[in-house]
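**Student:** Here's a structure for you.
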Amino acid sequence: MNENEEILEYIYQTSNMGYQSTSDLLNSLKGKDNKIKKIVAEINKNYEKYMTETEKLLKKKKLEAKPIGMMAKAMTKMSINKEMISDNSDANIADMLIQGLTMGNLELSKHIDNYEKIADKKIINLAKNLRKFGEEYIEKLKSYL
1 MNENEEILEY
11 IYQTSNMGYQ
21 STSDLLNSLK
31 GKDNKIKKIV
41 AEINKNYEKY
51 MTETEKLLKK
61 KKLEAKPIGM
71 MAKAMTKMSI
81 NKEMISDNSD
91 ANIADMLIQG
101 LTMGNLELSK
111 HIDNYEKIAD
121 KKIINLAKNL
131 RKFGEEYIEK
141 LKSYL
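Okay, here's the thing in structure tokens:
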């Protein structure tokens with residue numbers, strides 16, 4: 001696997017996992033009056049945008065997007081459901097989202113650092129934009145803590 005494939009795959013998996021997780025979270029919030037719903041929906045739409053953009057780049061390079069494994073999806077869904085049962089406050093939801101965004105950004109930064117000088121600039125810019133999106137929403141979410 002070359003550097004472009006590797007970083008594109010990581011961007012896709014990060015955005016796919018973020019999209020799936022925030023979709024599960026939005027489903028858990030249905031019928032509840034949490035103020036954080038709007039920001040969760042924004043995060044979800046952004047992840048979907050990055051996922052779609054990455055899929056297009058992968059197809060352009062004749063590569064196939066590898067989805068997140070069923071086990072990882074199931075574990076994430078169970079974790080979200082467990083958290084929501086024990087504490088569905090906006091502060092707890094913000095904390096969960098901040099943790100997820102932070103983990104994704106840390107790994108994304110490693111990939112950017114490893115491949116910035118050798119990977120396609122368009123792919124690196126996409127990775128940087130995804131990281132910037134994460135940073136912006138971490139700051140927005142802090143107001144809910």
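Numbering (this note's numbering) for the sequence shown: 1 to 145. Quick reminder that beta carbons are idealized off the backbone N, C-alpha and C, glycines included. Just so you know, these numbers come straight off a predicted model, no measurement behind them.
Under the assumption that Leu108 contacts Thr14 (Cβ atoms under 8 Å), give the Cβ distance between them as a whole number of angstroms.
**Tutor:** If you number the sequence shown from 1, residue 108 lands on position 108. If you number the sequence shown from 1, residue 14 lands on position 14. At roughly 6 Å, the Cβ-Cβ gap stays under 8 Å, so Leu108 and Thr14 are in contact.
**Student:** Below 8 Å, can you find three or more Cβ-Cβ pairs linking the segment 43-60 to the segment 16-30?
**Tutor:** Contact holds: three or more Cβ-Cβ distances are below 8 Å.
**Student:** Terminal residues of the continuous alpha helix (DSSP H) containing Ile138?
**Tutor:** The count along the sequence shown starts at 1 and reaches residue 138 at position 138. From DSSP, the alpha helix (DSSP H) with Ile138 extends over Lys121 to Leu141.
**Student:** Within 10 Å of its beta-carbon, does Asn27 have 16 or more other beta-carbons around it, so buried, or fewer, so exposed?
**Tutor:** Residue 27 sits at position 27 when you count from the first residue of the sequence shown. Exposed.
**Student:** Specify, as a first and last residue, the run of the alpha helix (DSSP H) that Asp95 falls within.
**Tutor:** Within the sequence shown, numbered from 1, the residue matching residue 95 stands at position 95. First-last of the alpha helix (DSSP H) with Asp95: Asp90 to Tyr115.
**Student:** Would you report the Cα separation of Asn88 and Ile98, rounded to the nearest angstrom?
**Tutor:** One-based indexing of the sequence shown puts residue 88 at position 88. One-based indexing of the sequence shown puts residue 98 at position 98. Going by the C-alpha atoms only, they are around 15 Å apart.
**Student:** Below 8 Å on the Cβ atoms is my guess for Ile93 versus Ile36; work out the distance and round it to an integer in Å.
**Tutor:** As a working mapping, residue 93 is identified with position 93 in the sequence shown. As a working mapping, residue 36 is identified with position 36 in the sequence shown. Contact flag correct, Cβ pair sits at about 5 Å.
**Student:** With Tyr137 and Ile43 assumed to form a contact (beta carbons below 8 Å), what rounded beta-carbon distance in angstroms separates them?
**Tutor:** Position 137 of the sequence shown, counted from the first residue, corresponds to residue 137. Position 43 of the sequence shown, counted from the first residue, corresponds to residue 43. 6 Å between Cβ atoms; contact.
**Student:** Span of the alpha helix (DSSP H) holding Asn44?
**Tutor:** Position 44 of the sequence shown, counted from the start, is the residue given in the question as residue 44. Segment Lys37 to Lys60, the alpha helix (DSSP H) holding Asn44.
**Student:** Take the Cβ of Asn46 as the centre, count every other Cβ of all protein chains shown within 10 Å, and call the residue buried at 16 or more, exposed below.
**Tutor:** Residue 46 sits at position 46 when you count from the first residue of the sequence shown. Classification of Asn46: buried, given that the 10 Å Cβ count is 16 or more.
**Student:** For Ile68, which three-state DSSP category applies?
**Tutor:** The sequence position of residue 68 within the sequence shown is 68, counting from 1. The answer is coil: DSSP assigns Ile68 none of H, G, I, E or B.
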